[in-house]
Each structure stands twice: as C-alpha cells, then as structure tokens.
Amino acid sequence: MGAIVENFMDWLPSGGNAVAIAASLSAAVDYEGEDRISALPDDLLRNIVSRLPVRDAARTAAIASQWLHLWRSTPLVLSDVDLLPSTVARILADHPGPFQAIYIARCRFASHERELAEWPRLLAAKGIQDLVLVNDVIGSQFITDTMLLPADIFRCASLQRLFLGFFRFPDTVGLSRGPDVLPHLRELSMFTTVINTWDLDYMLACCPVLEKLAFVLSNSPDLIHLRSKSLQCVLLWFFTAEEVAVVDAPLLERLFLVDLAGSPQQPRDDSTMMIKIACAPSLRALGFLETRTHRLHIGDNAIKPGILPSPSTMLPGVKKLAVKVNFGVSKEVKMLVAFLGCFPNVDTLHIESLTEPTGRKHAKFWRELSTVECIESHVKKMVVHEYRGDQSELRFLKFISRRAEVLQTLYVLLNRESLTSVAKVRKMTRRLVALSRLTCCGDCQIMVLGPELQNDWSFQKASDITVDDPFHW
C-alpha cells in the first residue's frame, strides 16, 4: 500500500543529489582545510539543506558555527520513512517552521492517538504547505478500519496541497464556513477516506482556489455535487458512487473516471452511477464513460439509445473522450452511439473493449447506422484498448474505417488473455491490416501494439492539465 500512496503523491524532493550533498557535508565535519561551502550565501545553503533527508539536514549544524542556524531557519521538509513517531514528534516540536512539506505515511495512528490529536495544531501553527497524512493500516486485521481525522486540520490555513489516506473525515456541522478557512488549498486528494456529501460541500465552499480534487480507491461520498469557481481537474480513481453531478464548475477542464467496479478490490456488478453535467463550459477531457453502468445526463436530458442529438444534449467543447463498452451486447453498442452523439467535436477517442464472446456481430446495426458527427468529421486519433479479436469488435472497426474521414492514426492495443497462440495473433493482425484497405482516409495509419501498453495511466499524468491526452498510455 505504501507503494500505491507514493505513486499518487510524489510530492517530496528527489533525494539522489541530496544524498551526494549530504555525504559531502558529512565529510566536511572532519575536513581541516579551507571551508569554501560555508562561504556560500545563506539562501543557497538553505536551499541545499531543504533538499536533504531530515536527519542529514539536522546534522549540518555540526559542520561549522555558521551552520548552526541554517536548519532551524530552513523551511522543513520531512518524510517519516525510517523514523519513529516519537522522532517525528520531536522534530515537529523543535523546528520553528515554516513547514514546507510533511509526509507521514508510516504511523499507525490507532496506537498514537495523542500524536494525531496534537500534530494538526503544530502543523497549523508552523505554516504547513504540503501535507501527506496516511494512517498506516498495513498488517492490521481490519485494513478497512479508519481513524477520525481531527477537525483541527481546518486550522491549517496555509495548506496548499493535502493528501489523506485511511481516515474518516470530521463532522463539519457547526464549524466556521467560508473562503477564509483554507484560502490557499489548491489540491485535495483522499485515498480510502470516508467523507459525507455535506462535508465535501463544506470543503468546496471553504477552498476558493481549489484546482484539483481526487478520490482514490473509495466509495464515498454517495453523492458528489461539484460547485466550484476554481476547480480544473476532478479524478475519481477506482471510485464508485450513486451520483456525480457537475452543477456549476466553469473552469473544469477534466473529469477522469475509473470505476471501482471491475477493479481487483470489487468485481463488476449491476450497480449504476448517474453522471450529470449541467454547467462545465470549459470541459475538454471526459472518461471513462461506461455504457453498462453509467447513466449520463446533460442538462435536463437523459442520454439513452436512440436519442437524437440536439444542442441541448451536446457538449461541443469536449475534445478527448474515453468510453468502455462490451461490443457483444446490443444495448451497450447502442448506448455507445448515443454517447458519441453528445460530443460532436471530439478529436481523440479512446475505446476500451470489455467484450465477451456472445456470437453476436451487430453487422446490420453498423451497416445501417447513419451519421455520427464526431466519427465522420473530427476524430483524428483513435485508440482501441483491450482488443480481443471478436467479430463484434471487428465490425465496429470496419464501421470506423469506412466512416472516419479525417482519421489519421488508429491504435489497436491487444488484450493479453486473448493471445493464446501464435496462430491467433497472426489471424488478428491480418484482419486488422486488411482494414487499411477499407479506410476512406488514405493517410490513416493502423498500428497494432502489444498488451504491455494497456492501462498504463498514472495519477500524475491524469491530473496534469498540461498533458494533452490524459488517457494515452
């Protein structure tokens, strides 16, 4: 679990060069020649000290008298790797602040309730900016047990980034509410953290500059209603809920969804999730929508198979779209077409195939299907993930090859479990290569790629607005 957390929050400075610097500084303690390092400007020395592991940073005070004040006057960067909770407590108490980044992920707070109660007050008093606070439940008999997060966390008005893991969010009823509670918080991520709908509403109301919101490996809150003038990116990563509604988010550019159903932690079932998009004029990337489990509403319109596209059912600003579909199920195929009709200007389309062999090809449906605007006029890049070589998938690709007039590149990523023999791989590849002779766009390239590229997403890339296509491997 520690490795998962580190993947989601790679906040602290890289220590490669810092270790080399630390070794040099340690050697300087016994050096009898000219002390040139101490002659460097204090600002540069503080920069060096801030990049050291906290133990080495504290040791620099032994180098020379000029270094005595540096560690205490350098914004603290602390990771509790290899540190006992008592050591962490002593460092937090002794350092006068400010605290630049505190990473606590090795403390089992069930055995350290006093520290959990005290540390938020210390962090608030010393100007914490970036905070990772994870309750270590590895090895616990009840790994899903969570600790109540102290409400004093809301006193940390200097916070800019906050990552919480394995906690229960405090009850916000009766707490001070308004934009001055957490006026600088830009990123909020919660990993297996229990939070109620009204407490999320409280956070959105109290964070006037919040840009990124993430829920990871979670099934709460049941209802997410996004009202924020600052939100740019929302990630629901292995997440499930009854409803996700973009009520009023004028700056939201990205809504990234990876359903908890189907993950190793929760096999697929028949539960559904409502996705409502009312006000998101800046939305550019959306997915993965799921044709089986997601019920999409745009404005007041429920998107269903057979619905005719109209201005009130469209989101013309979306350029990157990702959808999961079982091509062997007629209802899902029709829902896919309904979804595509809502996004007429998509230029990059990702389709993840969840197809299971049913013997149904839906050849007549694809042959008789009329216009799908984004396919015919706008999609330039298309990626089919988890391609199994089923006839129903091939029929869809034939439809694409005949209708996609501006398609430049079609990537087909093969499903690992389907590669049962060399003969089958060759057969799948021959059929895909044959598609190139059917394309209505002579410049289209079809690239068949191996399964090692499947689903190689990262939390950092998905949340990075500067990355043009968050669904690309």
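Residue numbers (full-length UniProt numbering): 1 to 473. Yeah, the Cβ is synthetic: ideal placement off N, Cα and C, and Gly gets one too.
Please classify residue i: does DSSP put it in a helix, a strand, or coil?
{"i": "residue 318", "result": "coil"}
{"i": "residue 239", "result": "strand"}
{"i": "residue 166", "result": "coil"}
{"i": "residue 313", "result": "helix"}
{"i": "residue 154", "result": "helix"}
{"i": "residue 370", "result": "coil"}
{"i": "residue 304", "result": "coil"}
{"i": "residue 290", "result": "strand"}
{"i": "residue 414", "result": "strand"}
{"i": "residue 462", "result": "helix"}
{"i": "residue 110", "result": "helix"}
{"i": "residue 282", "result": "coil"}
{"i": "residue 218", "result": "strand"}
{"i": "residue 377", "result": "helix"}
{"i": "residue 452", "result": "helix"}
{"i": "residue 249", "result": "coil"}
{"i": "residue 346", "result": "coil"}
{"i": "residue 409", "result": "strand"}
{"i": "residue 472", "result": "coil"}
{"i": "residue 467", "result": "coil"}
{"i": "residue 325", "result": "strand"}
{"i": "residue 223", "result": "strand"}
{"i": "residue 419", "result": "coil"}
How many Å lie between residue i and residue j at the Cα?
{"i": "residue 326", "j": "residue 355", "result": "4 angstroms"}
{"i": "residue 389", "j": "residue 150", "result": "53 angstroms"}
{"i": "residue 216", "j": "residue 462", "result": "13 angstroms"}
{"i": "residue 201", "j": "residue 363", "result": "47 angstroms"}
{"i": "residue 226", "j": "residue 365", "result": "37 angstroms"}
{"i": "residue 190", "j": "residue 133", "result": "10 angstroms"}
{"i": "residue 125", "j": "residue 304", "result": "53 angstroms"}
{"i": "residue 177", "j": "residue 154", "result": "10 angstroms"}
{"i": "residue 183", "j": "residue 218", "result": "26 angstroms"}
{"i": "residue 238", "j": "residue 40", "result": "49 angstroms"}
{"i": "residue 243", "j": "residue 290", "result": "14 angstroms"}
{"i": "residue 60", "j": "residue 213", "result": "38 angstroms"}
{"i": "residue 465", "j": "residue 185", "result": "17 angstroms"}
{"i": "residue 131", "j": "residue 204", "result": "18 angstroms"}
{"i": "residue 68", "j": "residue 156", "result": "29 angstroms"}
{"i": "residue 174", "j": "residue 160", "result": "24 angstroms"}
{"i": "residue 222", "j": "residue 193", "result": "13 angstroms"}
In the DSSP assignment, the beta strand (DSSP E) including residue i goes from what residue to what residue?
{"i": "residue 230", "result": "Per DSSP, residue 230 belongs to no beta strand (DSSP E) and is neither H nor E."}
{"i": "residue 116", "result": "No beta strand (DSSP E) holds residue 116; the alpha helix (DSSP H) holding it covers 113 to 125."}
{"i": "residue 99", "result": "99 to 107"}
{"i": "residue 383", "result": "381 to 387"}
{"i": "residue 254", "result": "254 to 259"}
{"i": "residue 275", "result": "273 to 277"}
Compute the beta-carbon to beta-carbon distance between residue i and residue j, rounded to the nearest angstrom, for a pair I have assumed lies under 8 angstroms.
{"i": "residue 166", "j": "residue 128", "result": "At roughly 20 angstroms, the Cβ-Cβ gap does not stay under 8 angstroms, so residue 166 and residue 128 are not in contact."}
{"i": "residue 302", "j": "residue 278", "result": "In fact, because the Cβ distance is near 13 angstroms, the residues do not count as touching under 8 angstroms."}
{"i": "residue 372", "j": "residue 341", "result": "7 angstroms"}
{"i": "residue 249", "j": "residue 224", "result": "About 11 angstroms separates the two Cβ atoms, so there is no contact after all."}
{"i": "residue 274", "j": "residue 295", "result": "5 angstroms"}
{"i": "residue 283", "j": "residue 247", "result": "Residue 283 to residue 247, Cβ: 13 angstroms. No contact."}
{"i": "residue 120", "j": "residue 152", "result": "4 angstroms"}
{"i": "residue 114", "j": "residue 80", "result": "Residue 114 to residue 80, Cβ: 16 angstroms. No contact."}
{"i": "residue 425", "j": "residue 419", "result": "6 angstroms"}
{"i": "residue 339", "j": "residue 323", "result": "6 angstroms"}
{"i": "residue 78", "j": "residue 54", "result": "5 angstroms"}
{"i": "residue 109", "j": "residue 135", "result": "5 angstroms"}
{"i": "residue 211", "j": "residue 231", "result": "7 angstroms"}
{"i": "residue 58", "j": "residue 71", "result": "5 angstroms"}
{"i": "residue 380", "j": "residue 406", "result": "6 angstroms"}
Grab the span of the alpha helix (DSSP H) containing residue i for me, first residue to last.
{"i": "residue 429", "result": "422 to 435"}
{"i": "residue 91", "result": "85 to 94"}
{"i": "residue 398", "result": "391 to 403"}
{"i": "residue 337", "result": "330 to 340"}
{"i": "residue 361", "result": "Premise fails: residue 361 is in no alpha helix (DSSP H) and is neither H nor E."}
{"i": "residue 129", "result": "Segment: none, residue 129 is in no alpha helix (DSSP H) and carries neither H nor E."}
Compare the C-beta of residue i against all C-beta atoms of chain C and say whether one is closer than 9 angstroms.
{"i": "residue 374", "result": "Although the question refers to chain C, the structure presented lacks it and comprises just one protein chain."}
Considering only heavy atoms of the ligand COA, does any lie closer than 8 angstroms to the CB of residue i?
{"i": "residue 186", "result": "With respect to the ligand COA, the structure offers nothing, as it holds no ligand at all."}
inquiry  = What ranges does the beta strand (DSSP E) occupy inside the UniProt domain "F-box" (34 to 81), keeping only unbroken runs of at least 3 residues that lie completely in it?
reply    = Runs of the beta strand (DSSP E) inside the UniProt domain "F-box" (34 to 81): 76 to 79.
task = Could I get the ranges of all uninterrupted alpha helix (DSSP H) runs contained in the segment 160 to 211, with 4 residues as the minimum, in chain order?
result = Entirely contained in the segment 160 to 211, the alpha helix (DSSP H) runs reaching 4 residues are, in chain order, 197 to 206.
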